[in-house]
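Chemist: Chains as they are written, first to last, in the working numbering: chain L, 7 to 485; chain S, 23 to 229.
The beta-carbon is built from N, C-alpha and C at its ideal position, and this holds for glycine as well.
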Amino acid sequence: MTTSSSLALTLPELILSIGAMALLMVAAYGGDRLTKPIGWAAVALFGAAALALLGPAGHGGVAFDGLYRADAFAAFAKLLIYVAAAVSVLIAPGYFARHATLRAEYPVLILLSAVGMGMMVSAGDLLTLYVGLELQSLAAYVLASFMRRDTRSAEAGLKYFVLGALASGILLYGISLLYGFTGTTAFEGVAVGFAGGLSVGELFGLVFVLAGLAFKISAVPFHMWTPDVYEGSPTPVTAFFASAPKVAAMALLVRVAVEAMGPATESWRQIIIFAALASTILGGVAAIGQTNIKRLLAYSSINNVGFALMGLVPGTAAGVSAVLTYMTVYVVMTLGSFLCVLRMRTADGAQVEDIAALSGLSRTRPALAAALAIFMFSLAGIPPLFGFWPKFVVFDAVVEIGLWPLAAIGIATSVIGAYYYLKIVKTMYFDEPAPAFAAADSKVENGLIALSAIAVSPLGYLAIPLLGAVTLNAARALF
Amino acid sequence: MGTELIQTIAFYLFASLVIASGALTIVARNPVHSVLWLILAFFNAAGLMLLVGAEFIAMLLVIVYVGAVAVLFLFVVMMLDIDFAELRAGFAQYLPFGMLLVIVLAAEMIFAVAAWNAGGVEFAQRLAPTPSEVPNIQALGTLIYTRYLYIFEGAGLVLLVALIGAIVLTHRKRGDVRVQNVTRQNMRRPEEAIRKVDAPVGQGVQL
Numbered sequence: 007m008t009t010s011s012s013l014a015l016t017l018p019e020l021i022l023s024i025g026a027m028a029l030l031m032v033a034a035y036g037g038d039r040l041t042k043p044i045g046w047a048a049v050a051l052f053g054a055a056a057l058a059l060l061g062p063a064g065h066g067g068v069a070f071d072g073l074y075r076a077d078a079f080a081a082f083a084k085l086l087i088y089v090a091a092a093v094s095v096l097i098a099p100g101y102f103a104r105h106a107t108l109r110a111e112y113p114v115l116i117l118l119s120a121v122g123m124g125m126m127v128s129a130g131d132l133l134t135l136y137v138g139l140e141l142q143s144l145a146a147y148v149l150a151s152f153m154r155r156d157t158r159s160a161e162a163g164l165k166y167f168v169l170g171a172l173a174s175g176i177l178l179y180g181i182s183l184l185y186g187f188t189g190t191t192a193f194e195g196v197a198v199g200f201a202g203g204l205s206v207g208e209l210f211g212l213v214f215v216l217a218g219l220a221f222k223i224s225a226v227p228f229h230m231w232t233p234d235v236y237e238g239s240p241t242p243v244t245a246f247f248a249s250a251p252k253v254a255a256m257a258l259l260v261r262v263a264v265e266a267m268g269p270a271t272e273s274w275r276q277i278i279i280f281a282a283l284a285s286t287i288l289g290g291v292a293a294i295g296q297t298n299i300k301r302l303l304a305y306s307s308i309n310n311v312g313f314a315l316m317g318l319v320p321g322t323a324a325g326v327s328a329v330l331t332y333m334t335v336y337v338v339m340t341l342g343s344f345l346c347v348l349r350m351r352t353a354d355g356a357q358v359e360d361i362a363a364l365s366g367l368s369r370t371r372p373a374l375a376a377a378l379a380i381f382m383f384s385l386a387g388i389p390p391l392f393g394f395w396p397k398f399v400v401f402d403a404v405v406e407i408g409l410w411p412l413a414a415i416g417i418a419t420s421v422i423g424a425y426y427y428l429k430i431v432k433t434m435y436f437d438e439p440a441p442a443f444a445a446a447d448s449k450v451e452n453g454l455i456a457l458s459a460i461a462v463s464p465l466g467y468l469a470i471p472l473l474g475a476v477t478l479n480a481a482r483a484l485f
Numbered sequence: 023m024g025t026e027l028i029q030t031i032a033f034y035l036f037a038s039l040v041i042a043s044g045a046l047t048i049v050a051r052n053p054v055h056s057v058l059w060l061i062l063a064f065f066n067a068a069g070l071m072l073l074v075g076a077e078f079i080a081m082l083l084v085i086v087y088v089g090a091v092a093v094l095f096l097f098v099v100m101m102l103d104i105d106f107a108e109l110r111a112g113f114a115q116y117l118p119f120g121m122l123l124v125i126v127l128a129a130e131m132i133f134a135v136a137a138w139n140a141g142g143v144e145f146a147q148r149l150a151p152t153p154s155e156v157p158n159i160q161a162l163g164t165l166i167y168t169r170y171l172y173i174f175e176g177a178g179l180v181l182l183v184a185l186i187g188a189i190v191l192t193h194r195k196r197g198d199v200r201v202q203n204v205t206r207q208n209m210r211r212p213e214e215a216i217r218k219v220d221a222p223v224g225q226g227v228q229l
């Protein structure tokens with residue numbers, strides 16, 4: 007395989023990285039007043055990269071001697087990532103302009119972060135995995151403290167950076183153990199090393215790598231940073247954190263578990279089961295006492311990651327397809343919820359994050375209340391809404407291999423989680439009205455809220471045949 | 023048999039000292055001391071690299087890390103208020119310990135040289151054996167720019183993000199400073215800048 011044919015397979019990453027560098031030049035010379043055009047250019051680049059997935063980059067096989075995988079699984083994850091990243095770019099200018107921190111580097115950083123995420127989901131080697139993860143994380147640390155004059159934002163960035171560096175260290179230690187004991191960093195080589203049973207060193211390597219990746223998807227017990235970082239970061243950045251990097255890290259975890267550690271499924275299964283159960287339980291219970299909507303959504307994301315992890319437990323194509331289905335619907339629900347949070351601002355433009363401020367929203371802003379109610383019902387997994395479907399396929403995959411106790415506990419924690427989602431709905435519909443929020447000033451935001459609300463409404467069930475076929479096709483690429 | 027023994031001794035010497043000095047880096051109360059322990063840890067890690075036949079990485083560790091730490095150390099010494107008279111006060115008291123460190127380092131170097139002469143350790147499982155006829159640095163160069171080109175470029179992007187991040191988080195426009203205006207400087211003509219003075223003999227120049 008020549009370098010040029012390898013480069014053709016990495017076309018999405020090439021488009022995004024060259025585009026990011028060009029836009030960086032524009033930003034450097036044009037200044038911050040060009041933020042909006044740069045943002046639209048970034049969205050166009052995401053579109054172009056997504057179109058490139060239709061070509062050989064979507065199903066072309068292996069590039070750079072196995073360092074890079076251009077298969078259907080990576081293509082599906084990338085599509086989700088690009089959509090989520092594009093939405094995060096679109097919703098940002100209004101928010102940052104209100105806080106007088108509009109900076110032209112924001113879209114560029116999101117683009118570079120997306121390059122890193124593309125590297126992650128296409129990784130075929132532990133080295134690619136690490137470089138992609140670092141690229142994504144480093145951009146994320148900067149984005150978290152993007153409003154550097156705001157102490158909470160600076161704190162979020164610092165916290166994320168220190169804990170992220172620790173997680174990277176853990177991951178690297180695991181990688182070095184795997185390399186030392188299997189003699190290679192390539193996924194299929196590691197799988198060959200695992201095939202004859204695990205040595206103690208390999209087991210340690212497996213545990214450390216999984217721990218490092220669990221940090222990135224904020225699965226319990228590596229979730230502590232999530233509420234603080236989500237609360238402190240600027241809201242568009244939080245929306246980004248809760249969507250695109252979660253998909254990338256989850257897809258990466260699935261690929262590592264199946265491709266590199268496939269022969270050791272029995273060994274990692276118990277770890278994933280523990281992380282899944284702990285995440286759903288803690289995410290459900292700890293969210294109950296929250297008064298800040300961003301913290302609440304942080305716990306909600308921990309809870310959701312737990313459910314998605316359950317899909318990985320069987321280690322089958324059906325399970326992986328369930329994970330992808332779950333992440334797809336989760337991204338839509340989460341982006342929709344954060345879009346609603348962005349709309350929570352008082353008449354003078356100040357952002358509010360208190361759940362109490364939502365009181366009586368149904369009377370002051372009925373459309374917004376209806377949209378948020380749809381997202382909350384959907385996150386709770388209440389049947390007529392589309393949020394029920396991914397939970398169903400995940401539990402279905404788990405029951406198929408006979409692990410019905412896991413599914414039973416999952417359903418129980420889902421009920422606990424429903425309590426706080428429904429509490430928000432109750433606050434909006436049955437409490438005395440609080441002062442009304444400012445009127446919407448962005449057609450893009452309104453359109454995105456409406457679009458995501460329709461996607462998770464019962465109309466979403468029409469997409470099931472398509473979604474099921476695409477995710478199954480993507481999952482089969484791994485096996 | 024003899025070469026294996028010396029390699030084994032060298033390995034355990036280096037490995038135990040890496041761990042010990044790593045632990046001391048964390049527990050040392052004085053930041054200067056912990057920096058010194060860190061340097062010792064790097065030296066020993068370099069020794070381990072030498073043992074596996076990666077002489078380029080060993081040299082890199084010493085030059086980059088120890089060099090960087092030495093610069094950092096200089097900064098610390100320059101910026102902190104350290105009383106050198108007080109530092110020297112315990113010289114005689116710490117002399118035995120210092121001598122011990124000197125002996126350990128000297129022994130390490132001798133072992134490293136001996137182990138190096140005995141040849142690199144061969145791992146039981148290594149899919150990519152180190153080629154014996156090309157030097158390390160050449161082998162690394164051919165791999166980095168061909169097989170690992172993708173990761174190399176990725177690492178370049180990571181550095182670019184670090185650069186953007188540093189500027190985004192720290193750069194601000196200040197209105198209260200006078201900055202250099204290169205265009206104005208270049209536009210300036212000699213007649214604006216130079217004043218010809220007719221200085222009569224014996225009276226000096228009036229400025």
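Start and end of the beta strand (DSSP E) containing G226 (chain S)?
Modeler: Translated into positions along the second sequence, residue 226 (chain S) becomes position 204. Note, G226 (chain S): premise wrong, no beta strand (DSSP E); not H, not E.
Chemist: What are the residues of the segment 73-97 of chain L that lie near chain S, defined by any Cβ-Cβ distance shorter than 7 Å?
Modeler: Here the close residues are L73 and Y74.
Chemist: Cβ closer than 7 Å: which chain B residues qualify as neighbours of A177 (chain S)?
Modeler: Protein chains in the displayed structure are L and S, and chain B is not among them.
Chemist: Using beta-carbon positions only, say whether G45 (chain L) and L96 (chain L) come within less than 8 Å of one another.
Modeler: Locating residue 45 (chain L) in the first sequence gives position 39, where the first residue counts as 1. Locating residue 96 (chain L) in the first sequence gives position 90, where the first residue counts as 1. Yes, Cβ-Cβ distance for G45 (chain L) and L96 (chain L) is below 8 Å.
Chemist: Give every residue of the same chain whose Cβ lies closer than 6 Å to the Cβ of L184 (chain L), excluding the five residues on either side of it in the sequence, and list them in chain order.
Modeler: For the purposes of this step, residue 184 (chain L) is identified with residue 178 of the first sequence, where counting begins at 1. Excluding positions up to five away in sequence, the list reads V196 and G211.
Chemist: Are the beta-carbon atoms belonging to G186 (chain L) and G207 (chain L) less than 8 Å from one another?
Modeler: Numbered from 1 along the first sequence, position 180 holds the residue referred to as residue 186 (chain L). Numbered from 1 along the first sequence, position 201 holds the residue referred to as residue 207 (chain L). Against a cut-off of 8 Å, the Cβ pair of G207 (chain L) and G186 (chain L) comes out as a contact.
Chemist: With distances taken from CA atoms, which of L:L472, L:L209 and L:K252 is nearest K222 (chain L)?
Modeler: By 1-based counting over the first sequence, the position of residue 222 (chain L) is 216. It is L:K252.
Chemist: Answer yes or no: does any C-beta atom of chain L fall closer than 8 Å to that of Q147 (chain S)?
Modeler: For the purposes of this step, residue 147 (chain S) is identified with residue 125 of the second sequence, where counting begins at 1. Any reading at Q147 (chain S) needs caution, since the residue's pLDDT is 49, under 50, leaving its predicted position unreliable; the model's value is listed next. It does; some Cβ of chain L falls within 8 Å.
Chemist: When you compare each of L:A83, L:V49, L:L40 and L:M31 to L478 (chain L) by their alpha carbons, which one comes out closest?
Modeler: The residue labelled residue 478 (chain L) in the question sits at position 472 within the first sequence. Taking only the C-alpha atoms, the option nearest L478 (chain L) is L:A83.
Chemist: Using a Cβ-Cβ distance under 8 Å, would S151 (chain L) count as near chain S?
Modeler: Translated into positions along the first sequence, residue 151 (chain L) becomes position 145. Cβ-Cβ to chain S under 8 Å: yes for S151 (chain L).
Chemist: Mapping the DSSP letters down to three states, classify R211 (chain S) as helix, strand or coil.
Modeler: Along the second sequence, read from residue 1 onward, the residue named residue 211 (chain S) stands at position 189. Of the three classes helix, strand and coil, the one that applies to R211 (chain S) here is coil, per DSSP.
Chemist: Residues in the same chain with beta-carbon distance under 7 Å from A58 (chain L), minus the five sequence neighbours each way, listed in chain order, please.
Modeler: Here the question's residue 58 (chain L) lines up with position 52 in the first sequence. If we look at A58 (chain L) and ignore the five residues flanking it on each side, its Cβ neighbours are L17, P18 and I21.
Chemist: With 8 Å as the threshold, decide whether the Cβ of A215 (chain S) is near any Cβ in chain L.
Modeler: Counting from 1 along the second sequence, the entry for residue 215 (chain S) is found at position 193. Cβ-Cβ to chain L under 8 Å: no for A215 (chain S).
Chemist: Per DSSP, what kind of secondary structure is D38 (chain L) in: helix, strand or coil?
Modeler: Translated into the one-based positions of the first sequence, residue 38 (chain L) becomes position 32. Residue state, collapsed to three classes: helix.
Chemist: Quick check on V190 (chain S) - is its C-beta less than 8 Å from some C-beta in chain L?
Modeler: Position 168 of the second sequence, counted from the first residue, corresponds to residue 190 (chain S). Interface residue, yes.
Chemist: Report yes or no: is there a C-beta of chain S within less than 8 Å of the C-beta of F70 (chain L)?
Modeler: For this step, residue 70 (chain L) is matched to residue 64 along the first sequence. Closer than 8 Å to some Cβ of chain S, the Cβ of F70 (chain L) qualifies, so yes.
Chemist: V199 (chain S) lies in the beta strand (DSSP E); which residues open and close that run?
Modeler: Start at 1 with the first residue of the second sequence, and residue 199 (chain S) comes out as number 177. From DSSP, V199 (chain S) is part of no beta strand (DSSP E); its letter is neither H nor E.
Chemist: Is the distance from the Cβ of V450 (chain L) to the Cβ of M316 (chain L) below 8 Å?
Modeler: If you number the first sequence from 1, residue 450 (chain L) lands on position 444. If you number the first sequence from 1, residue 316 (chain L) lands on position 310. Cβ distance not < 8 Å, so V450 (chain L) and M316 (chain L) don't count as in contact.
Chemist: Anything in the segment 65-78 of chain S with a Cβ closer than 8 Å to a Cβ of chain L? List those residues in chain order, please.
Modeler: Result list empty, no residue passes.
Chemist: Kindly indicate which three-state DSSP category N52 (chain S) falls into: helix, strand or coil?
Modeler: Numbered from 1 along the second sequence, position 30 holds the residue referred to as residue 52 (chain S). N52 (chain S) falls in the coil class under three-state DSSP.
Chemist: Going along chain S, which residues have a C-beta under 7 Å from E208 (chain L)?
Modeler: Taking the first residue of the first sequence as 1, we reach residue 208 (chain L) at position 202. The contacting residues do not exist; E208 (chain L) stays about 11 Å from chain S at best.
Chemist: One question on the structure: do L178 (chain L) and V183 (chain S) come within less than 8 Å of each other, judged by their Cβ atoms?
Modeler: Position 172 of the first sequence, counting from 1, holds the residue named residue 178 (chain L). Position 161 of the second sequence, counting from 1, holds the residue named residue 183 (chain S). Not in contact: L178 (chain L) and V183 (chain S) (Cβ atoms no closer than 8 Å).
Chemist: Mind listing the chain L neighbours of R169 (chain S)? Cutoff is C-beta to C-beta under 9 Å, in chain order.
Modeler: Locating residue 169 (chain S) in the second sequence gives position 147, counting from the first residue. Ordered by position in chain L, the residues that pass the 9 Å Cβ test against R169 (chain S) are F70, D71 and L73.
Chemist: Ignore the nearest five residues each way along the sequence and tell me which others in Q142 (chain L)'s own chain have a CB closer than 7 Å to its CB.
Modeler: Walking along the first sequence from the start, residue 142 (chain L) turns up at place 136. Correct list, in chain order: S119, G122, M123, M126, P251 and A254.
Chemist: Is it buried or exposed for R210 (chain S), if we count other Cβ within 10 angstroms and need 16 for buried?
Modeler: Against the second sequence, residue 210 (chain S) aligns to sequence position 188. R210 (chain S) comes out exposed.
Chemist: Which of the three DSSP states, helix, strand or coil, is assigned to Q29 (chain S)?
Modeler: On the second sequence, residue 29 (chain S) is found 7 positions in, with the first residue counted as 1. Helix at Q29 (chain S).
Chemist: I want to know whether the segment 358-366 of chain L touches the segment 34-51 of chain S - three or more CB-CB distances under 8 Å.
Modeler: No, the segment 358-366 of chain L does not touch the segment 34-51 of chain S.
Chemist: Scan the segment 14-34 of chain L for residues whose Cβ lies nearer than 8 Å to a Cβ of chain S and list them as they occur along the chain.
Modeler: Listed by position, the residues of the segment 14-34 of chain L near chain S (Cβ gap below 8 Å) are T16, S23, M27 and L30.
Chemist: Under 8 Å, Cβ to Cβ, is there at least one residue of chain L near A63 (chain S)?
Modeler: Sequence index remark: in the second sequence, residue 63 (chain S) carries index 41 (1-based). Answer no: the Cβ-Cβ gap between A63 (chain S) and chain L never drops below 8 Å.
Chemist: On a Cα-Cα basis, can you pick out the residue from L:L216, L:A220, L:F228 and L:Y236 that is closest to T271 (chain L)?
Modeler: Sequence index remark: in the first sequence, residue 271 (chain L) carries index 265 (1-based). Residue L:L216 is the option with its Cα nearest to T271 (chain L).
Chemist: Assuming P62 (chain L) and A76 (chain L) form a contact by the criterion Cβ under 8 Å, report the distance between their Cβ atoms to the nearest whole angstrom.
Modeler: By 1-based counting over the first sequence, the position of residue 62 (chain L) is 56. By 1-based counting over the first sequence, the position of residue 76 (chain L) is 70. 7 Å between Cβ atoms; contact.
Chemist: Given a threshold of 16 other Cβ atoms within 10 Å of its Cβ, counted over all protein chains shown, does N3 (chain L) qualify as buried or as exposed?
Modeler: It is not possible to answer for residue 3 (chain L), since the shown part of chain L is limited to 7 through 485.
Chemist: From the beta carbon of Y172 (chain S), is the nearest beta carbon of chain L less than 8 Å away?
Modeler: Translated into positions along the second sequence, residue 172 (chain S) becomes position 150. True, the Cβ-Cβ gap to chain L drops below 8 Å.
Chemist: Taking just the CA atoms, how far does L412 (chain L) sit from D234 (chain L)?
Modeler: Your numbering for residue 234 (chain L) matches position 228 in the first sequence. Your numbering for residue 412 (chain L) matches position 406 in the first sequence. Roughly 29 Å separates the two Cα atoms.
Chemist: List, in order along the chain, the chain L residues whose C-beta lies closer than 9 Å to that of A184 (chain S)?
Modeler: Along the second sequence, one-based indexing puts residue 184 (chain S) at 162. Neighbours of A184 (chain S) on chain L, chain order: L144 and V148.
Chemist: What residues in the segment 116-130 of chain L bring their beta carbon closer than 9 Å to a beta carbon of chain S?
Modeler: Listed in sequence order: L118, S119, V121, G122 and M125.
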